[in-house]
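Asks: Note that numbering that gives the first Met the number 0 gives residue 53 to position 54 of the first sequence, counting from 1, and the numbers run on in steps of one. Have a look at this one.
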Amino acid sequence: MCMLTREFYNRDTVTVARELLGKRLIRNVDGDRLVCRITETEAYVASIDKACHAYGYRRTPRTEIMFSRPGTAYIYLIYGMYCCLNLVTEPEGEPCAVLIRGLEPIEGLERMVHSRYGCAPDDMTAYQRRQLLNGPGKVCKALSLTREQNGLDLLGDKLYLTQGDTPENIKTGKRIGIDYAEEAADFPWRFYL
DNA sequence: CTTCAGATGCTCT
DNA sequence: GAGCATCTGAAGA
Numbered sequence: 000m001c002m003l004t005r006e007f008y009n010r011d012t013v014t015v016a017r018e019l020l021g022k023r024l025i026r027n028v029d030g031d032r033l034v035c036r037i038t039e040t041e042a043y044v045a046s047i048d049k050a051c052h053a054y055g056y057r058r059t060p061r062t063e064i065m066f067s068r069p070g071t072a073y074i075y076l077i078y079g080m081y082c083c084l085n086l087v088t089e090p091e092g093e094p095c096a097v098l099i100r101g102l103e104p105i106e107g108l109e110r111m112v113h114s115r116y117g118c119a120p121d122d123m124t125a126y127q128r129r130q131l132l133n134g135p136g137k138v139c140k141a142l143s144l145t146r147e148q149n150g151l152d153l154l155g156d157k158l159y160l161t162q163g164d165t166p167e168n169i170k171t172g173k174r175i176g177i178d179y180a181e182e183a184a185d186f187p188w189r190f191y192l
């Protein structure tokens, strides 16, 4: 399958967030190849979005990576113990990104389950199976992504995206966990299958 | 199924 | 010092 180009990311963030659904996310780590299908995303836009870490082009050590070129991974720590994976979008200097909120496993299930639950796939409960990749912190845990991977080039070999399927029934809604963001809390910038 | 508390540390004021 | 783009386990219905 063909790797997504930098031009794919170098576009309107909300459009990229919607089009990311159905794409494949590939993570190569310690000789293991993990492949997932993207099922849930959220767009964060610097210029008008109070929920965006770089709202108003606020430049701090944490947001610095968002100012770099499109097709870069932005990974930050949240609530002291979880990481969230974002894909930087729009031209360099526009600090926008798409949060990866949910995935479906395709390849490398054994390692992902071990990273999440410390057990083998056969030992998962039905509940655990449903909870494997349905949240941004879970995604990073399963894919062994931490702040050490912040700034990774998405056109490299450690973490990249490829074409996938073209999903039907794309749903849209308000983003999760940003009640503080005033009018931006109601922007319909969450996309899921 | 639901709610609820607690974990835990970085980030910015 | 306050708050955070979250998750889990326990308890109740």
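Note that CB positions come from ideal geometry on N, CA and C, so glycine has one too. Treat the numbers as computed from the prediction; the structure is a model and nothing was measured.
Please state the DSSP three-state secondary structure of I194.
Replies: This structure cannot settle anything about residue 194, because the visible part of the chain is limited to 0 through 192.
Asks: With which residues is R189 paired in a DSSP beta bridge?
Replies: On the first sequence, position 190 is the one that residue 189 refers to. Partner(s): E41 and G172.
Asks: Do N85 and L102 count as a contact pair if the criterion is CB distance below 8 Å?
Replies: Taking the first residue of the first sequence as position 1, residue 102 is located at position 103. Taking the first residue of the first sequence as position 1, residue 85 is located at position 86. Taking 8 Å as the Cβ cut-off, L102 and N85 do not qualify as a contacting pair.
Asks: State the DSSP-derived secondary structure class of D48, mapped to helix, strand or coil.
Replies: Residue mapping note: residue 48 aligns to position 49 of the first sequence, counting from 1. In this structure, D48 counts as coil in the three-state DSSP scheme.
Asks: For T62, does the three-state DSSP call read helix, strand or coil?
Replies: Sequence index remark: in the first sequence, residue 62 carries index 63 (1-based). DSSP places T62 in helix when its eight states are reduced to three.
Asks: Looking at C-beta atoms only, is the number of pairs between the segment 66–80 and the segment 132–148 that lie closer than 8 Å three or more?
Replies: Touching, yes, given that three or more Cβ pairs across the two stretches are closer than 8 Å.
Asks: So the candidates are N9, W188, E18 and T14; which of them puts its Cα closest to the Cα of Q162?
Replies: Your numbering for residue 162 matches position 163 in the first sequence. That would be E18, whose Cα lies nearest to the Cα of Q162.
Asks: Please classify G149 as buried or exposed, where buried requires at least 16 other C-beta atoms within 10 Å of its C-beta.
Replies: Your numbering for residue 149 matches position 150 in the first sequence. The amino acid at residue 149 is misidentified as Gly; the sequence shows Asn. Classification for N149: buried.
Asks: Based on the DSSP output, what are the partners of I25 in its beta bridges?
Replies: Stepping through the first sequence from its first residue, residue 25 is reached at position 26. Answer is V34 and Y159, bridged to I25.
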